[in-house]
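Engineer: In the working numbering, the protein residues as written are 610 to 1030. The structure that follows is given in the form of structure tokens.
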Amino acid sequence: MKIDLQSFTGPCACGREHRLDVKEISIEAGAILRLPDLFRDGLLEPYGCPLVICDRNTYEAAGRKVLELIKADCICLPPEGLHADNRAVFAVKSQMSGDTDLILAVGSGTVHDVSRYLAGECGIPFVSIPTAASVDGFVSTVAAMTWNGLKITFPAVAPIAVLADTSVFAAAPYRLTASGISDLMGKYTALADWKVSHLVTGEYFCEQICGLEYRAVEAVRECLPDIKDGKPEACEKLMYALLLSGLAMQMAGNSRPASGAEHHVSHLWEMEVINPHTDAYHGEKVSAGLIMCLKEYERMKDAIQSGHCGVKGYAGPELELLRSTFGEKGLLDGILKENTPDPLLEVDADRLKRVLPEIAGIWAELPSSQEVKHMLTKAGCVTDMEGAGVDPALRQLTLTLSPYVRSRLTGMRLGKMLKME
Ligand SMILES: [Zn+2]
Ligand SMILES: [Zn+2]
């Protein structure tokens, strides 16, 4: 299927005119076979010195085939210990020819983040060739990188084209696909956080983008057993939903529609300040975070609805705790900078008190943590901290610290102004 990108652009009831940087997306068996045509007389015609970035696994999955189809340089990274970080960027940069005018990212999330970052830095476009339906970041405009230990979201470029070849991504190891399902289900809390923030601070919100995301999530929920069975059509639906989530970020101009409190949990664990390194995939950490946050939203919703939740004045971030955790790894300055200005300073306590019932209403619309846990378990996805490779004893510390990893208002961050009575 070819996604009709026109239908996502133009003036919208939210008051903005939505734009997309990506020019073409195709999700179909044999999508990469279109490469020679695209270089001959299509979108890629202007580029004469393309570079394929992949790792050894994704070279086998699709890189070799791409290089048979077109003439291109190739940098193949070792998959062991490969992360979207400054080390990987330097590894590619040191081998990259100065003539490169186009990057072809052949891989999953990490290869894409490294490619996107480099494309942004070199001022050249890139093409996305996903080898697994494992994350929603393929068409994102930002690169989530670990830079000297700190999780930083860099402005980068979106791909000009996405060639998602079903015969490649539907054959990926199921753990990667399950991780994509997990990343997608994280939209439940991400969207609820967006709505709550809009309600409390008047932050920009778009009904259309939100609706698009919900429909994509629901469509995937309906075909989870078929995705698990590796049925190509169902896997295409997952890929479509993940790409749509990336388009939603482009439409909103930031990652708000796709990333909330559940992603902050994942980011915190990736910073390795309270936990040692975990080999869990991005989506696996997200779904563990999702279940944790859903439980918290249930607890706070019940307290509001039973009249046991009040609003307390905000005394600023928990500096002592931030110092003792992030300080030890030299990340305190970065965290404090991220939290300046503090998103909770935008929250008016009286207004918050008034809208508490509406916030509870937003949380009440979420599927229950039990329901999501059951669904994810059946789909073979991670649902808890153990599955994400993090000691469950760190649960409370994770919930307390994770809202600080991003300057973004979420229900979890707002929880710091609520008192349960
Ligand atoms: Zn809109
Ligand atoms: Zn994600």
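Note that beta-carbon positions come from the ideal geometry of N, C-alpha and C, so glycine has one too. Quick caveat: nothing in here was measured; it's all calculated off a predicted structure.
Give every residue of the same chain whose Cβ lies closer than 7 Å to the Cβ of valine 895, excluding the five residues on either side of it in the sequence, and list them in chain order.
Structural biologist: Same-chain partners within the cutoff: Ser791, Asp792, Gly795, Glu871, His872, Ser875.
Engineer: So, helix, strand or coil for glutamate 816, using DSSP?
Structural biologist: Three-state DSSP puts glutamate 816 in a helix.
Engineer: Spell out the partners DSSP gives tryptophan 756 in its beta bridges.
Structural biologist: Partner(s): Leu759.
Engineer: Below 7 Å CB to CB, which residues in the same chain sit around isoleucine 733 once its five sequence neighbours on both sides are set aside?
Structural biologist: Excluding sequence neighbours, isoleucine 733 sits near Thr709, Asp710, Leu711, Ile712.
Engineer: Look up serine 791 in the DSSP assignment and give the residues it is bridged to.
Structural biologist: Paired residue(s): none; serine 791 is not in a bridge.
Engineer: May I ask you to check if the CB of lysine 795 is nearer than 7 Å to at least one heavy atom of ligand 2?
Structural biologist: Before going on, a small fix: residue 795 reads as glycine here, not lysine. Within the cutoff, so yes.
Engineer: So, helix, strand or coil for proline 952, using DSSP?
Structural biologist: The answer is helix: DSSP assigns proline 952 an H, G or I state.
Engineer: With distance defined between alpha-carbon atoms, name the residue in Arg963, Val882, Ile818, Thr775 nearest to glycine 758.
Structural biologist: That would be Val882, whose Cα lies nearest to the Cα of glycine 758.
Engineer: Within 10 angstroms of its Cβ, does methionine 880 collect 16 or more other Cβ (buried), or is it exposed?
Structural biologist: When all chains shown are included, methionine 880 counts as buried.
Engineer: Taking the alpha carbon of lysine 1025 as the point to measure from, which residue in Glu905, Leu941, Ala1002, Thr949 has its own alpha carbon closest?
Structural biologist: Taking only the C-alpha atoms, the option nearest lysine 1025 is Glu905.
Engineer: Can the beta-carbon of valine 777 be found less than 8 Å from the beta-carbon of threonine 740?
Structural biologist: Yes, Cβ-Cβ distance for valine 777 and threonine 740 is below 8 Å.
Engineer: Following the continuous beta strand (DSSP E) through glutamate 879, name the residue where it begins and the one where it ends.
Structural biologist: First-last for glutamate 879: 870–880, but that is the alpha helix (DSSP H), not the beta strand (DSSP E).
Engineer: Could you compute how far the alpha carbon of glutamate 967 sits from the alpha carbon of arginine 649?
Structural biologist: The straight-line gap from Cα to Cα measures roughly 56 Å.
Engineer: Quick one: any contact between the stretch 911–922 and the stretch 953–963, if contact means 3 or more CB pairs under 8 Å?
Structural biologist: Contact between the stretch 911–922 and the stretch 953–963 is present, because at least three Cβ pairs lie under 8 Å.
Engineer: Could you round the C-beta distance between leucine 652 and lysine 674 to whole angstroms and report it? I think they count as a contact, below 8 Å.
Structural biologist: Going by Cβ atoms, the distance from leucine 652 to lysine 674 rounds to 19 Å, so no, they are not a contact pair.
Engineer: For the beta strand (DSSP E) holding methionine 1029, just list the boundary residues, first then last.
Structural biologist: Start and end: 1027–1029.
Engineer: If we count the other Cβ atoms within 10 Å of its Cβ and call it buried at 16 or more, is leucine 940 buried or exposed?
Structural biologist: Leucine 940 should be labelled buried.
Engineer: Suppose you measure from the CA of serine 749 to the CA of serine 1016; what does that come to, to the nearest Å?
Structural biologist: Looking at the two C-alpha atoms, the distance is approximately 19 Å.
Engineer: From what residue to what residue does the beta strand (DSSP E) around glycine 716 run?
Structural biologist: Segment 711–716, the beta strand (DSSP E) holding glycine 716.
Engineer: Of all the alpha helix (DSSP H) runs that stay within the bounds of the stretch 668–749, which reach a length of 4 or more residues?
Structural biologist: Runs found: 673–678, 695–704, 718–731.
Engineer: Using 8 Å as the threshold, is the stretch 992–1010 in touch with the stretch 883–893, meaning 3 or more CB pairs across them?
Structural biologist: Counting Cβ pairs under 8 Å, three or more are found: they touch.
Engineer: For the 8 Å Cβ check, are there 3 or more pairs between the stretch 805–822 and the stretch 841–859?
Structural biologist: Taking 8 Å as the limit for Cβ pairs, the verdict is that the stretch 841–859 does touch the stretch 805–822.
Engineer: What distance in whole Å lies between the Cβ atoms of phenylalanine 763 and alanine 752, which are believed to be in contact at a cut-off of 8 Å?
Structural biologist: Going by Cβ atoms, the distance from alanine 752 to phenylalanine 763 rounds to 5 Å, so yes, they are a contact pair.
Engineer: Taking 7 Å as the limit between beta carbons, can you name the residues of its chain near valine 720, skipping five residues before and five after?
Structural biologist: Result list for valine 720: Ile662, Cys663, Asp664, Thr667, Ala714, in chain order.
Engineer: So for isoleucine 883, helix, strand or coil by DSSP?
Structural biologist: In the structure shown, isoleucine 883 sits in coil (DSSP, three-state: anything other than H, G, I, E or B).
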